[in-house]
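**Student:** Structure provided below as structure tokens; questions to follow.
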Amino acid sequence: MKLFLVACAALSLCLPLHAKEAAPLAEDPVVEKRLINISEELRCLVCQNESLAGSQAELAKDLREEVRGLIKEGKSDSEVKDFLVSRYGDFVLYRPQIKPSTYLLWAGPFLLLFIGLFTLFRFLKQRSKEVVDTPLSDEEKKRAEALLKDAQS
Amino acid sequence: MIPELGHFALILAFFVSLVQGVLPLVGAHKNRADWVAVARPATAASFLLVGVSFACLTWAFYVNDFSVEYVAGHSNTQLPTMYRLSAVWGGHEGSLLLWVFMLVGWAAAVAAFSRQLPAAMVARVLGVLGLVTVGLMAFVLLTSNPFDRLMSPPAEGRSLNPLLQDPGLIYHPPLLYMGYVGMAVAYAFAMAALLAGQLDAAWARWSRPWTTVAWVFLTLGIALGSWWAYYELGWGGWWFWDPVENASFMPWLVCTALIHSLAVTEKRGSFKNWTVLLAIAAFSLSLLGTFLVRSGVLTSVHAFATDPKRGLFILILLAVVVGASLLLFAARAPKVSPGGRFELISRETFLLVNNVLLVVACGAVLLGTLYPLIVDAFGGGKISVGPPYFNAVFIPIMLPLLVLVALGPVARWKQADLPAMLKKLWPAAVAAVAAGIVLPMLAGEWHAYVALALALVGWMSAALVLQTIDRLKAGSPTASWWGMQIAHFGLAVMVVGIAMVSTYQEERDVRMEPGETVSVGGYTFKFLGVKESRGPNYTADVGTFELSQDGKLMRLLHPEKRAYDTSQMPMTEAAIDAGFTRDVYVSLAEPLSPDVENGPWAVRVYFKPFVDWIWGGSLLMALGGLLAAADRRYRIRAKSSAAVAANAAGAAA
Amino acid sequence: MNKFTLPLVGFIALVALLAVGLGLNPREVPSPLVGKPAPDFKVPQLHDPNASFSPNEMLGKVWLFNVWASWCVSCREEHPIIVEYTKRPDAIPVIGLNYKDKREDGQRWLARFGDPYVLSAFDLDGRVGINYGVYGVPETYLIDKQGVIRFKQIGPITPTVLEEKILPLIKELNK
Numbered sequence: 000m001k002l003f004l005v006a007c008a009a010l011s012l013c014l015p016l017h018a019k020e021a022a023p024l025a026e027d028p029v030v031e032k033r034l035i036n037i038s039e040e041l042r043c044l045v046c047q048n049e050s051l052a053g054s055q056a057e058l059a060k061d062l063r064e065e066v067r068g069l070i071k072e073g074k075s076d077s078e079v080k081d082f083l084v085s086r087y088g089d090f091v092l093y094r095p096q097i098k099p100s101t102y103l104l105w106a107g108p109f110l111l112l113f114i115g116l117f118t119l120f121r122f123l124k125q126r127s128k129e130v131v132d133t134p135l136s137d138e139e140k141k142r143a144e145a146l147l148k149d150a151q152s
Numbered sequence: 000m001i002p003e004l005g006h007f008a009l010i011l012a013f014f015v016s017l018v019q020g021v022l023p024l025v026g027a028h029k030n031r032a033d034w035v036a037v038a039r040p041a042t043a044a045s046f047l048l049v050g051v052s053f054a055c056l057t058w059a060f061y062v063n064d065f066s067v068e069y070v071a072g073h074s075n076t077q078l079p080t081m082y083r084l085s086a087v088w089g090g091h092e093g094s095l096l097l098w099v100f101m102l103v104g105w106a107a108a109v110a111a112f113s114r115q116l117p118a119a120m121v122a123r124v125l126g127v128l129g130l131v132t133v134g135l136m137a138f139v140l141l142t143s144n145p146f147d148r149l150m151s152p153p154a155e156g157r158s159l160n161p162l163l164q165d166p167g168l169i170y171h172p173p174l175l176y177m178g179y180v181g182m183a184v185a186y187a188f189a190m191a192a193l194l195a196g197q198l199d200a201a202w203a204r205w206s207r208p209w210t211t212v213a214w215v216f217l218t219l220g221i222a223l224g225s226w227w228a229y230y231e232l233g234w235g236g237w238w239f240w241d242p243v244e245n246a247s248f249m250p251w252l253v254c255t256a257l258i259h260s261l262a263v264t265e266k267r268g269s270f271k272n273w274t275v276l277l278a279i280a281a282f283s284l285s286l287l288g289t290f291l292v293r294s295g296v297l298t299s300v301h302a303f304a305t306d307p308k309r310g311l312f313i314l315i316l317l318a319v320v321v322g323a324s325l326l327l328f329a330a331r332a333p334k335v336s337p338g339g340r341f342e343l344i345s346r347e348t349f350l351l352v353n354n355v356l357l358v359v360a361c362g363a364v365l366l367g368t369l370y371p372l373i374v375d376a377f378g379g380g381k382i383s384v385g386p387p388y389f390n391a392v393f394i395p396i397m398l399p400l401l402v403l404v405a406l407g408p409v410a411r412w413k414q415a416d417l418p419a420m421l422k423k424l425w426p427a428a429v430a431a432v433a434a435g436i437v438l439p440m441l442a443g444e445w446h447a448y449v450a451l452a453l454a455l456v457g458w459m460s461a462a463l464v465l466q467t468i469d470r471l472k473a474g475s476p477t478a479s480w481w482g483m484q485i486a487h488f489g490l491a492v493m494v495v496g497i498a499m500v501s502t503y504q505e506e507r508d509v510r511m512e513p514g515e516t517v518s519v520g521g522y523t524f525k526f527l528g529v530k531e532s533r534g535p536n537y538t539a540d541v542g543t544f545e546l547s548q549d550g551k552l553m554r555l556l557h558p559e560k561r562a563y564d565t566s567q568m569p570m571t572e573a574a575i576d577a578g579f580t581r582d583v584y585v586s587l588a589e590p591l592s593p594d595v596e597n598g599p600w601a602v603r604v605y606f607k608p609f610v611d612w613i614w615g616g617s618l619l620m621a622l623g624g625l626l627a628a629a630d631r632r633y634r635i636r637a638k639s640s641a642a643v644a645a646n647a648a649g650a651a652a
Numbered sequence: 000m001n002k003f004t005l006p007l008v009g010f011i012a013l014v015a016l017l018a019v020g021l022g023l024n025p026r027e028v029p030s031p032l033v034g035k036p037a038p039d040f041k042v043p044q045l046h047d048p049n050a051s052f053s054p055n056e057m058l059g060k061v062w063l064f065n066v067w068a069s070w071c072v073s074c075r076e077e078h079p080i081i082v083e084y085t086k087r088p089d090a091i092p093v094i095g096l097n098y099k100d101k102r103e104d105g106q107r108w109l110a111r112f113g114d115p116y117v118l119s120a121f122d123l124d125g126r127v128g129i130n131y132g133v134y135g136v137p138e139t140y141l142i143d144k145q146g147v148i149r150f151k152q153i154g155p156i157t158p159t160v161l162e163e164k165i166l167p168l169i170k171e172l173n174k
């Protein structure tokens with residue numbers, strides 16, 4: 000793991016090698032907007048917990064350039080993502096694809112919500128049957144009130 | 000000599016905590032007053048000893064004692080004193096020592112401020128805390144001793160990660176840990192009640208202020224961390240759903256649920272089992288978070304030096320602590336009385352729904368955080384679960400909660416009259432529709448998402464006003480009532496910030512030559528150039544930008560790009576012009592032709608409407624929590640526990 | 000078994016998962032390219048800008064494709080192992096990919112630390128790297144006679160990786 004941190008540092012250091020970062024970075028605002036949208040959903044592999052949009056790592060810049068090129072070629076968002084997945088694997092996707100191994104991930108929260116609310120409803124119904132109030136006698140009430148007053152003074 | 004003293008004090012503290020963990024618990028069980036009486040002095044001694052130990056480590060940092068491995072690895076002589084002292088918790092070993100210090104600190108606070116509680120109860124609470132302390136101290140002493148010496152000390156230390164050389168990092172970890180560790184107090188109260196078999200309203204009343212205070216710290220700690228990431232990391236985000244963030248957010252969600260369910264348990268004697276379970280869960284999630292951060296099973300930006308051996312130790316600790324608690328719960332819970340009766344439409348039900356939503360939200364975060372691990376464990380390869388997922392599942396679960404925030408406080412206990420509530424709240428519904436339609440248009444463009452969020456804000460705020468008017472008519476409300484209102488208002492404020500900034504923020508990535516301008520959100524930045532400047536332990540390229548609006552010069556902004564002497568990673572220091580309704584934010588990315596004098600730079604500018612409301616809202620929530628915890632109800636000396644018991648009996652009726 | 004033991008059961012499952020998780024390395028991202036044909040490219044060689052290299056030229060041979068750079072710290076750690084390996088009589092050809100480097104720097108680096116490569120392809124803008132899914136130099140690909148990637152090492156090759164993974168696989172592929 001250290002190696003990757005070193006590689007990470009090294010990659011972000013070698014700025015001079017890549018001086019051709021596009022001129023006014025927003026030549027075409029539509030492309031730029033799409034670039035931001037797509038790259039926010041992609042993970043930068045070098046510094047693994049940044050998105051491709053946010054990362055300043057050298058590889059991230061190259062990949063942004065690559066994605067920019069693909070957009071200009073008229074590729075759709077999902078084609079761009081497929082391009083990266085075929086090279087780096089599912090790992091680059093911050094929004095996991097829906098497939099059998101992620102069904103539980105996507106359905107889980109809503110399943111939990113359903114189970115939670117259903118259990119709650121059943122619990123409440125059952126409870127209202129089981130719990131019967133035994134009203135306090137007048138004397139008990141007086142005593143409780145006295146104690147309460149006492150406690151508050 | 001001093002580091003050995005610190006180490007020795009910690010070893011002593013370990014044994015004292017062992018005494019604190021065993022004698023009072025046994026004493027309370029066997030009704031032996033002399034053993035019970037050990038609890039308070041043992042807690043105080045443990046606190047003092049860990050304090051000495053912590054002071055010794057701080058001293059080693061202060062005098063640059065690089066013969067201590069931990070000091071040599073996290074500090075050097077060039078480091079400004081302020082950061083040298085906060086470097087104490089800049090690494091794994093020291094931050095764990097801080098964890099332990101906070102834990103014994105909480106225990107000492109319980110010992111000091113619990114004179115009104117029955118001795119046996121206090122003994123049990125302190126005993127449970129003592130046992131937890133023993134576990135953590137063993138972890139520090141056996142796997143992460145910060146006092147280890149080096150055979151041949153280096154002349155100079157390695158320095159602190161530049162990311163951590165920031166004022167935010169002085170306060171963030173202590174606050175966050177105070178919250179994290181504070182969950183242990185709520186847990187200890189719950190365990191004490193389970194052990195004693197006295198799961199009643201008195202227990203809820205005693206543990207409420209402690210839980211609330213811990214929640215306040217956790218809220219502040221998370222908010223500060225988010226704010227720090229926003230201005231320090233330089234890409235304008237404020238929440239990344241990083242595993243480490245999730246690790247602190249999950250206990251927060253459960254603790255928020257706990258605060259609400261404690262209210263029911265105290266006032267109505269209901270949901271006792273559920274409340275106990277939440278208290279156990281909140282602390283378990285704190286421990287789980289520690290495991291996730293320290294063991295390196297998940298990748299995270301906060302890549303602390305990780306070590307599988309440490310991971311194994313924490314996992315065992317987690318298994319023992321939580322496993323034992325849940326076992327005790329399974330044994331005791333069936334015998335607990337169900338509490339008072341209530342109808343389907345009642346404040347009890349609203350609070351239970353609140354609890355379900357918060358717990359499900361926490362479950363979703365947990366699922367997303369652990370899912371890559373699950374897939375990997377079953378041989379499914381590596382996947383990432385990131386912000387798009389969390390936003391997609393978390394927000395829908397939270398929205399109904401925002402509707403309920405307005406309903407809960409107007410509902411009566413036991414049996415609420417829904418038509419009457421709606422009659423009372425119809426102006427809020429009108430306000431909601433109006434806010435949803437009008438506000439987004441005022442902000443620029445109408446989007447369904449922001450309209451929904453602002454409608455909910457309108458609903459919450461208007462309902463708060465209505466409730467307040469109503470309540471004031473009935474006499475002056477208690478501090479804890481005000482606390483609730485302020486915290487709920489803070490939530491509304493935060494929702495405004497989140498909705499506005501995620502919909503209307505603008506960002507631009509540009510290549511700028513000195514003299515060029517760029518505009519974002521109606522503000523214009525003029526790049527004047529970059530000058531090199533020398534800090535205490537870094538060299539910085541300091542940019543100068545003129546910020547103007549409608550041709551009127553407002554101020555100069557100075558974003559920096561720093562190269563620390565001891566690190567290869569360049570650091571970005573954004574320059575932010577903060578305002579009530581917006582931030583404008585500029586950061587230097589990198590020089591595009593570094594060899595050219597006054598060459599062009601890649602620059603990022605952001606327009607962030609209402610972003611500060613996110614942290615403002617968190618502050619309001621924390622303030623509300625403080626008010627609630629300060630309610631004098633909790634400080635009244637209960638003349639006898641019978642009074643509280645009777646109160647509970649009355650409430651249960 | 001009552002409903003109050005459910006939290007305990009759930010928790011035990013969680014602990015089991017975490018225990019398994021401890022044994023996994025979260026930073027090791029397996030390449031989807033393993034088992035797929037090595038992407039084609041044509042770039043100049045490091046030592047001779049006029050000569051080019053394309054992986055097609057290697058069809059019919061089992062070969063190693065090693066991505067390196069002069070600025071890469073851990074490449075220096077790995078390099079002696081490759082140099083030693085290529086001295087073996089049964090060594091298969093190793094082609095280098097000089098990744099995002101300056102030509103002079105790359106040449107100087109090889110002159111200083113030894114040049115084990117049949118040749119080094121020169122990937123100035125990192126496009127080849129992107130097509131091969133390179134994200135942490137050094138990386139090494141083992142490619143079979145049909146031009147299919149059979150193994151990828153991310154990070155430096157260690158003697159253990161060489162002996163236990165790469166060599167047995169080469170033996171098998173050369174059968």
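Residue numbers (numbering that gives the first Met the number 0), protein chains in the order written: chain A, 0 to 152; chain B, 0 to 652; chain C, 0 to 174. Even for Gly, the Cβ is constructed at its ideal location relative to N, Cα and C.
In chain order, what residues of the same chain have a beta carbon less than 8 Å from the beta carbon of B/LEU327, not counting five sequence neighbours either side?
**Tutor:** If we look at B/LEU327 and ignore the five residues flanking it on each side, its Cβ neighbours are MET190, LEU193, LEU194.
**Student:** With a threshold of 8 Å between beta carbons, is A/TYR102 in contact with chain B?
**Tutor:** It does not; no Cβ of chain B falls within 8 Å.
**Student:** Which residue comes first and which comes last in the beta strand (DSSP E) that contains B/VAL602?
**Tutor:** First-last of the beta strand (DSSP E) with B/VAL602: 600-608.
**Student:** Note down, in chain order, every chain B residue with its Cβ under 7 Å from the Cβ of A/GLU64.
**Tutor:** Those do not exist, as A/GLU64 stays about 12 Å from chain B at its closest Cβ, beyond 7 Å.
**Student:** Work out the CA separation of B/PRO242 and B/ASN144 for me, nearest whole Å.
**Tutor:** Roughly 25 Å between the two C-alpha positions.
**Student:** Excluding sequence positions up to five away, which residues of its chain have a Cβ less than 7 Å from the Cβ of B/LEU403?
**Tutor:** Only PHE349, VAL352, ASN353 meet the Cβ criterion.
**Student:** Give, in chain order, every residue of the region 124-156 of chain C whose Cβ lies closer than 9 Å to some Cβ of chain A.
**Tutor:** Of all residues in the region 124-156 of chain C, ASP124, GLY125, ARG126, GLY128, ILE129, ASN130, TYR131, GLY132, VAL133, TYR134, GLY135, VAL136, PRO137, ILE153, GLY154, PRO155 have a Cβ within less than 9 Å of some Cβ in chain A.
**Student:** Report yes or no: do three or more beta-carbon pairs, one from the region 113-133 of chain B and one from the region 3-19 of chain B, lie closer than 8 Å?
**Tutor:** Touching, per the Cβ criterion.
**Student:** Which stretch, first to last residue, makes up the alpha helix (DSSP H) that contains B/SER206?
**Tutor:** First-last of the alpha helix (DSSP H) with B/SER206: 200-231.
**Student:** Would you check if there are 3 or more beta carbon pairs closer than 8 Å linking the region 40-59 of chain B to the region 175-186 of chain B?
**Tutor:** No, because fewer than three Cβ pairs between the region 40-59 of chain B and the region 175-186 of chain B fall closer than 8 Å, the two stretches do not touch.
**Student:** For B/GLY134, return the contacting residues in chain C, with the cut-off set at a CB-CB distance below 9 Å.
**Tutor:** Ordered by position in chain C, no residue passes the 9 Å Cβ test against B/GLY134, which lies about 15 Å from the chain.
**Student:** If we ignore side chains and look at the alpha-carbon of each, how far apart do B/PHE303 and B/GLU531 end up?
**Tutor:** Reliability of the predicted coordinates at B/PHE303 is poor, the pLDDT of 46 falling under 50, and the value obtained from them is presented with this limitation in mind. For B/PHE303 and B/GLU531, the distance between alpha carbons rounds to 31 Å.
**Student:** Could you check if A/GLN96 is buried or exposed, using at least 16 other CB atoms within 10 Å of its CB as the buried criterion?
**Tutor:** With fewer than 16 Cβ atoms within 10 Å of its Cβ, A/GLN96 is classed as exposed.
**Student:** Determine, using beta carbons only, whether A/GLU57 and A/SER50 come nearer to each other than 8 Å.
**Tutor:** Contact flag unset, no.
**Student:** Between B/ILE344 and the rest of its own chain, which residues show a CB-CB distance below 6 Å, the 5 nearest in sequence each way excluded?
**Tutor:** Closer than 6 Å at the Cβ level, and outside the excluded window around B/ILE344, lie ALA415, LEU417.
**Student:** State the start and end residues of the unbroken beta strand (DSSP E) segment that holds B/GLY528.
**Tutor:** 522-533 is the extent of the beta strand (DSSP E) around B/GLY528.
**Student:** So which residues on chain C does B/GLY489 lean against when the C-beta distance must stay under 7 Å?
**Tutor:** Ordered by position in chain C, no residue passes the 7 Å Cβ test against B/GLY489, which lies about 31 Å from the chain.
**Student:** Sort B/THR218, B/ALA8, B/MET150 by Cα distance to B/GLU68 and report the nearest one.
**Tutor:** Nearest C-alpha to B/GLU68: B/MET150.
**Student:** Verify the CB distance criterion: does A/GLY115 have a CB-CB separation below 8 Å to chain C?
**Tutor:** Not an interface residue.
**Student:** Exposed or buried, what is A/GLU20 when buried is set at 16 or more other beta-carbons lying within 10 Å of its beta-carbon?
**Tutor:** The predicted position of A/GLU20 is uncertain, since its pLDDT is 32 and thus under 50; a value taken from the coordinates is nonetheless stated next. Burial call: buried.
**Student:** What are the partner residues of B/MET459, as DSSP defines its beta bridges?
**Tutor:** DSSP lists no partner for B/MET459.
**Student:** Please state whether DSSP places A/LYS98 in a helix, a strand or coil.
**Tutor:** Three-state result, A/LYS98: coil.
**Student:** Flag A/PHE82 as yes if its beta-carbon sits less than 8 Å from any beta-carbon of chain D, otherwise no.
**Tutor:** The displayed structure is made up of protein chains A, B and C, and chain D is not among them.
**Student:** Excluding the five sequence neighbours on either side, which residues of its own chain have a C-beta within less than 7 Å of the C-beta of B/VAL494, listed in chain order?
**Tutor:** The answer, listed in chain order, is LEU401, ALA452, LEU455, VAL456.
**Student:** Could you please tell me which residues of the region 375-397 of chain B, in chain order, have their CB closer than 9 Å to any CB of chain A?
**Tutor:** The region 375-397 of chain B vs chain A, Cβ under 9 Å: PHE377, GLY379, GLY380, LYS381, ILE382, SER383, VAL384, GLY385, PRO386, PRO387, TYR388, ALA391, VAL392, PHE393, PRO395, ILE396.
**Student:** Run down chain A in chain order and give the residues with a C-beta less than 7 Å from the C-beta of C/PRO48.
**Tutor:** Under the 7 Å cutoff, chain A gives no residues; its nearest Cβ is about 17 Å from C/PRO48.
**Student:** Could you tell me the alpha carbon to alpha carbon distance between B/TRP612 and B/ALA577, rounded to whole angstroms?
**Tutor:** The straight-line gap from Cα to Cα measures roughly 11 Å.
**Student:** Which ranges would you report for the alpha helix (DSSP H) in the region 420-482 of chain B if only whole runs of at least 4 residues count?
**Tutor:** Qualifying alpha helix (DSSP H) stretches, in chain order: 447-472.
**Student:** C/SER178 versus chain A: which residues are under 9 Å apart at the beta carbon?
**Tutor:** Because residue 178 of chain C is not part of the residues shown, which for chain C are 0 to 174, the question remains open.
**Student:** How many whole angstroms separate the CB atoms of B/ARG340 and B/ARG411, which I take to be in contact at a CB cut-off of 8 Å?
**Tutor:** Actually they are not in contact, since the Cβ atoms of B/ARG340 and B/ARG411 sit about 14 Å apart, beyond 8 Å.
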